[in-house]
Amino acid sequence: MRTIKISGGRVIDPSQGIDRTADVWISGEQIAGIGEMSNGEPEIVIDARGKIVCPGLIDCHVHLREPGNEEDETIQTGASSALAGGVTTVACMPNTLPPMDTRDAVEYVVLQAKRARKANVYPVACVSKGRKGEELAELGQLVDGGAVAFTDDGAPVSSAALMRQALAYARMFNRCIMQHCQVMELTTGAVMNDGFESMRLGLKGMPNAAEDIMVARDIRLAEITGGRLHIQHISTSRAVELVRDAKKRGIQVTAEACPHHFTLTDECLRTFDSNYKMNPPLRTKADVESVIEGLVDGTIEVLATDHAPHAAEKKARELDIAPFGIVGLETLIPITVKGLIEPGLLTWPDVINKLTVNPARLLNLDHRKGSLKVGYDADVTIIDPDASWVIDPAKLRSKSHNTPFGGWSVKGRAHTVIVNGEIRHSLEPGFETPGRRK
Amino acid sequence: MAKDTHNLAVESGQDVAPASAAQWTKKHLIGLEELSAAEITAILDTAEMFGELSARDRKKVPALQGKVVFNLFFENSTRTRTSFSLAAKRLSADVQDFSASTSSLSKGESFIDTAKNLEAMGADILVVRHSTPGAPHLLTRHVGCSIVNAGDGAHEHPTQGLLDLLTIRKHKGRIDGLTVGLVGDIGHSRVARSNIWGLQKLGAKVILCGPPTLLSRGFEKLGCEVAYHLDEVLPKLDVINVLRIQFERDTKSVFPSISEYFRLYGVTGERLARSKPDLLLLAPGPINRGVELTPEVADGPQSAILDQVTNGLAVRMAALYLVSGQGR
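Chains as they are written, first to last, in our numbering: chain A, 1 to 438; chain B, 1 to 328.
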């Protein structure tokens, strides 16, 4: 069996409370241990001095667009983008064409991900048949096919009755319902946050209340059903308060925040640049502060990107025609560094916690991922925290380049990424990625 | 310096504008928000010069001879487009209309591609009307020619704002110190936003009046006074600008009925009798008679509605003239 020794890095594994300089050993497809090992000479030694060595990062909110919108992204390109961003595992959303609402659709994604041999891909399947929000999809069969959670993301489960059933029914599989919280009646035709900026620009806005109301509703539904509710891309002050309060009351609710929601505000829309158009929209400074507060006090336990690739010809349109969303996998580390670590709000262990063991738990993968414990899957991310670089949208591995962070001077970058014991990404000169080319 | 000198100079093709026109250095006219008071004054002074010219027998000047102006309209408009066309013609430019319904947009061509095609045909100025805020702004990043915004969604309609300013200035002799009321559908109105920026930059006080459903919270942060009852604000006003209800936009359930709207905000002779005797009445048009104002008011002595149309032509001549760099 092939052994890899990752030598001399700062090993951060929040699942075990580890933050010290040590070697990490991999044997075959599993973690063999941390520290001194006596099992002979390793086949490969990776010099990780000055770098952070942590469990492979997990992004629980990614759109891979395949099948149906391969012009935006494929499983191959999306999983490549993940690797370049230091992410070894992604959970992909089911708003594909057709939507991922059947076992064969889920299995197709799993198969394509295996063929791609990039990051691990776990499907999040539809809550409702056809993502129409009317009747429950066959959740049991979706679980058998490999679904790790359920969502109708892109849109919310609008019906309170269906949401109640979903939360209750998914309990028997111990799966969470990931909800995109938005009362659609309050956001018809809207392209940005509702408030002073939208008034000034003459653009139709989505009020915070559209998110708050559904977060409040679904927390109550989680409470009466005992189901697991996960609030996706939380973006408002009140929603953060509601989640904080629900946790105090012992309700099974978790929440994720995206880098753009803790670094940018709706003032960015003054440029009318569609790379600032996302859903939920960029909110106000007060909301950004609340999201950060939620991240700091643990109300928000997961960081996610909501990686939403869109081909240039779709995004370079008038604001009301351009689709919502931005790519995020390759900017996850540096924007998190800029937004949270550099200002001293969170430490590296805090951030890695929200990108490893916490999302692993959310996705029921914590028995094999999100940790460097012996026997766990050998997914390891080696981060160069001091790497200074300028984000160039044209150089992203994603098939789409729709990012608002182009031109930003940033610090922190994935240096080497190991998936299932195989080095699949490295900034070392001359490194050849294994697996199929684009 | 006598204004006649300028006019003669323009007529003879020497391109000498009023002294203030030298303040104008911009390539595009996107909105009044980004203009300084000096730049706004530059357009108004230049427009006044062209206005005087239009009163003469020979109305055409050679200022933009050889230039190509396209009217790129993605939203219905008759008066604004006609006004821009005539303005371009009076400046001796070649002008061509391009409207979305008859274009390749119906074949799926994008807005930006359309503009690039027109640029490839030699366009010097694109006059753009679009239902999406920011659409003209978007074009400035993709084409090299000048962009003049002829109205983008609810964002701005700079030439309308400017013609309102010019009309007020001509009637009142000033703008500084006046109290101007904008009444009605503020929320959907690009005219309102352009007026707010322009009026405030030139020293007027702006009062916005309409139902809260058409006057979202936040407008007061722009420095305006916000009111919901017309009868309370009317006596304070030197100028009232009556905005049209934009039935083509989302106006369902923003007020219960036209008759209730008219009762609360309709400008009637009776209401005018309770206002300042020299109140100046503007309306950007097209007006809905019997909804925003009565015919007697629209056609009455305080109405400057048709002057606005005349001034609109002069303002658009000034805008085309200045963005082509003729004022320098």
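The beta-carbon is built from N, C-alpha and C at its ideal position, and this holds for glycine as well.
All of these numbers come straight from a predicted model, not from anything done at the bench.
- Met49/B carries a helical assignment under DSSP once its states are collapsed to helix, strand and coil.
- Judged by beta-carbon spacing, Leu306/B lies beyond the 8 angstroms limit of Ala87/B, meaning their Cβ atoms are not closer than that value.
- For Lys411/A, the three-state secondary structure derived from DSSP is strand.
- The residue from Gln302/B, Asn241/B, Ala318/B and Leu280/B with its alpha-carbon nearest to that of Glu292/B is Asn241/B.
- In summary, Phe431/A is exposed, with fewer than 16 beta-carbon neighbours lying within 10 Å of its beta-carbon over all protein chains present.
- Of the candidates Val183/B, Lys172/B and Pro284/B, Lys172/B places its Cα closest to the Cα of Asp238/B.
- For the set Thr284/A, Asn275/A and Leu319/A, the Cα lying nearest the Cα of His307/A is the one of Asn275/A.
- Taking the C-beta atoms as reference points, Leu340/A is found no nearer than 8 angstroms to Leu282/A.
- Looking at the DSSP output, Ala91/A sits in a beta bridge with Tyr122/A.
- Of all residues in the region 309 to 335 of chain A, only Glu313, Ala316, Arg317, Glu318, Leu319, Asp320 and Ile321 come within less than 9 angstroms of chain B when Cβ atoms are compared, listed by chain position.
- Using a CB distance below 7 angstroms, the part of the region 203 to 219 of chain A facing chain B consists of Leu203, ordered along the chain.
- DSSP, read as helix, strand or coil, puts Asp366/A in coil.
- Taking the CA atoms as reference points, His155/B sits about 16 angstroms from Cys268/A.
- Bridge partners of Gly181/B according to DSSP: Ile207/B and Ile240/B.
- Along the region 248 to 282 of chain A, going in chain order, the ones with a CB nearer than 7 angstroms to a CB of chain B are Phe272.
- Distance from the CA of Arg117/A to the CA of Gly86/A, rounded to the nearest whole angstrom, comes to 15 angstroms.
- Within chain A, not a single residue places a beta-carbon under 8 angstroms from that of Arg129/B; the smallest gap is close to 12 angstroms.
- According to the DSSP secondary-structure assignment, Pro55/A is paired through a beta bridge with Val380/A.
- Taken through DSSP and simplified to helix, strand or coil, Met1/A comes out as coil.
- With distances taken between CA atoms, Gln308/B lies nearest to Ile287/B out of Arg328/B, Thr294/B and Ile287/B.
- The secondary-structure analysis by DSSP pairs Asn71/B across a beta bridge with Asp97/B and Val127/B.
- For Arg20/A, there is no enclosing alpha helix (DSSP H); the residue is found in the beta strand (DSSP E) stretching over Ile18 to Ser27.
- Proximity of chain A to Gly218/B at the Cβ level (cut-off 7 angstroms) is accounted for by Gly195, Phe196 and Met199, in chain order.
- Distance from the CA of Ile231/A to the CA of Val183/B, rounded to the nearest whole angstrom, comes to 42 angstroms.
- The three-state reading of DSSP puts Gln112/A in helix, counting H, G and I together.
- At a cut-off of 8 angstroms between C-beta atoms, Ser110/B counts as an interface residue with respect to chain A.
- For His171/B, there is no enclosing beta strand (DSSP E); the residue is part of the alpha helix (DSSP H) that begins and ends at Pro158 to Lys172.
- Counting only runs of 4+ residues, the alpha helix (DSSP H) found wholly inside the region 189 to 244 of chain A occupies 196 to 201 and 208 to 225, in chain order.
- Residue pairing by DSSP places Ala21/B opposite no residue, since no beta bridge is assigned to it.
- Interface criterion not met: the Cβ of Thr213/B is under 8 angstroms from no Cβ in chain A.
- Bounds of the alpha helix (DSSP H) holding Gly312/B are Ile305 to Val323.
- Taking a Cβ-Cβ threshold of 8 angstroms, the residues of chain A close to Thr132/B are Glu318, Leu319, Asp320 and Ile321, in chain order.
- A distance of 8 angstroms or more separates the beta carbons of Ile333/A and Gly205/A.
- It is roughly 31 angstroms from the alpha-carbon of Val183/A to the alpha-carbon of Val357/A.
- For Val288/A, the enclosing alpha helix (DSSP H) covers residues Lys285 to Asp297.
- Residue range Ser146 to Asp152 is occupied by the beta strand (DSSP E) that includes Ala150/B.
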